[in-house]
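To keep things clear, I will list the structure first and then write my remarks on it.
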Amino acid sequence: VGTFAVQIAKALGAEVTGVCSTRHVELVRTLGADHVIDYTQEDFTQGDTRYDVILDNVGNHSFAAYRRVLTPDGIVQPNTGHAGMGYVIRAALRAPFMRQQGKLFVATPTHDDLVVLAAWIEAGTITPVMDKTYPFDEAREALAYLAQGHARGKVVLTMAPAQEMFVGARAGEVVTG
């Protein structure tokens with residue numbers, strides 16, 4: 143989500159600050175972030191900069207910490223991350239009682255959204271970042287890698303071409319694994 147979020151926000155004209163580990167700083171810069179904060183060196187919730195929107199993909203700060211660095215009408219958009227759905231639900235339940243809000247958001251892409259995304263991809267405005275590729279029969283290893291929480295982009299499962307999967311099959315024959 144993060145690699146696309148940076149690119150989409152930039153495509154929409156936002157000033158973007160990315161927060162990441164040391165090993166991801168250059169990647170986040172190349173994606174277009176105007177500012178990059180290495181969380182191993184600095185806690186952005188302790189700084190003086192104020193943000194209109196915080197997209198939280200990890201959930202490693204409290205909502206109170208985010209409120210300190212939000213503008214008066216700022217929004218925290220939790221995306222569960224390691225904190226789970228409880229974090230998202232708590233943010234949504236607090237929203238009616240404060241000016242700064244945690245928003246509950248469920249993506250419902252429309253045809254128009256997909257047309258815009260396709261145009262951005264074709265123009266090179268946004269590009270997928272692929273971290274690792276695994277053959278389908280190593281899906282378990284791919285999931286274990288993702289569970290570590292440090293993927294640097296998308297993890298892709300590749301499928302064998304259909305002709306390789308069905309070598310020797312006759313027309314109308316059911317082939318099983």
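All letters in the sequence shown, in the order written, are residues 143 to 319 by our numbering. A virtual CB, placed ideally from N, CA and C, is assigned to each residue, including glycine.
Pick out the complete alpha helix (DSSP H) segments inside the stretch 240-290, 4 residues or longer, and give them in chain order. The DSSP assignment places complete alpha helix (DSSP H) segments of no fewer than 4 residues inside the stretch 240-290 at 253-265 and 281-289, in order along the chain.
In whole angstroms, give me the CA-to-CA distance for L169 and D176. In the sequence shown, the residue the question calls residue 169 occupies position 27. In the sequence shown, the residue the question calls residue 176 occupies position 34. Rounded to whole angstroms, L169 to D176 spans 12 Å at the Cα level.
Close Cβ partners of A302 (< 8 Å) along its chain, the five nearest in sequence each way excluded: Stepping through the sequence shown from its first residue, residue 302 is reached at position 160. The answer, listed in chain order, is P277 and F278.
Can you give me the C-alpha to C-alpha distance between S204 and D185, rounded to a whole angstrom? Working through the sequence shown from its first residue, we reach residue 204 at position 62. Working through the sequence shown from its first residue, we reach residue 185 at position 43. Rounded to whole angstroms, the gap between the alpha carbons of S204 and D185 is 12 Å.
Near C133, what residues of its chain come up, given a Cβ to Cβ distance below 6 Å and the 5 sequence neighbours on each side ignored? With the chain covering 143 to 319 only, the question about residue 133 has no answer from this structure.
With respect to the alpha helix (DSSP H) encompassing G216, which residues constitute its N-terminal and C-terminal limits? Position 74 of the sequence shown, counting from 1, holds the residue named residue 216. Unbroken run through G216 is the beta strand (DSSP E), L212 to P220; no alpha helix (DSSP H).
Which same chain residues, not among the five before or five after R210, have their C-beta less than 7 Å away from its C-beta? Mapped onto the sequence shown, residue 210 falls at position 68. These residues qualify, in order along the chain: T187.
At the level of alpha carbons, what is the spacing between D190 and T213? Numbered from 1 along the sequence shown, position 48 holds the residue referred to as residue 190. Numbered from 1 along the sequence shown, position 71 holds the residue referred to as residue 213. Each residue's alpha carbon lies about 11 Å from the other.
Less than 8 Å separating the beta-carbons of Y208 and I196? By 1-based counting over the sequence shown, the position of residue 208 is 66. By 1-based counting over the sequence shown, the position of residue 196 is 54. Taking 8 Å as the Cβ cut-off, Y208 and I196 qualify as a contacting pair.
Since N202 and N221 are thought to touch, with beta carbons under 8 Å apart, how far apart are those beta carbons, to the nearest angstrom? For the purposes of this step, residue 202 is taken as residue 60 along the sequence shown, with counting starting at 1. For the purposes of this step, residue 221 is taken as residue 79 along the sequence shown, with counting starting at 1. About 12 Å; that fails the 8 Å criterion.
Out of curiosity, what's the CA-to-CA distance linking T267 and H253? Taking the first residue of the sequence shown as 1, we reach residue 267 at position 125. Taking the first residue of the sequence shown as 1, we reach residue 253 at position 111. The alpha-carbon atoms of T267 and H253 are separated by roughly 19 Å.
To the nearest angstrom, report how far apart V148 and E264 are at their CA atoms. Within the sequence shown, numbered from 1, the residue matching residue 148 stands at position 6. Within the sequence shown, numbered from 1, the residue matching residue 264 stands at position 122. Straight-line Cα distance between these residues: approximately 17 Å.
For T145 and Y287, the rounded distance between their alpha carbons: Within the sequence shown, numbered from 1, the residue matching residue 287 stands at position 145. Within the sequence shown, numbered from 1, the residue matching residue 145 stands at position 3. Answer to the nearest angstrom: the Cα atoms are 18 Å apart.
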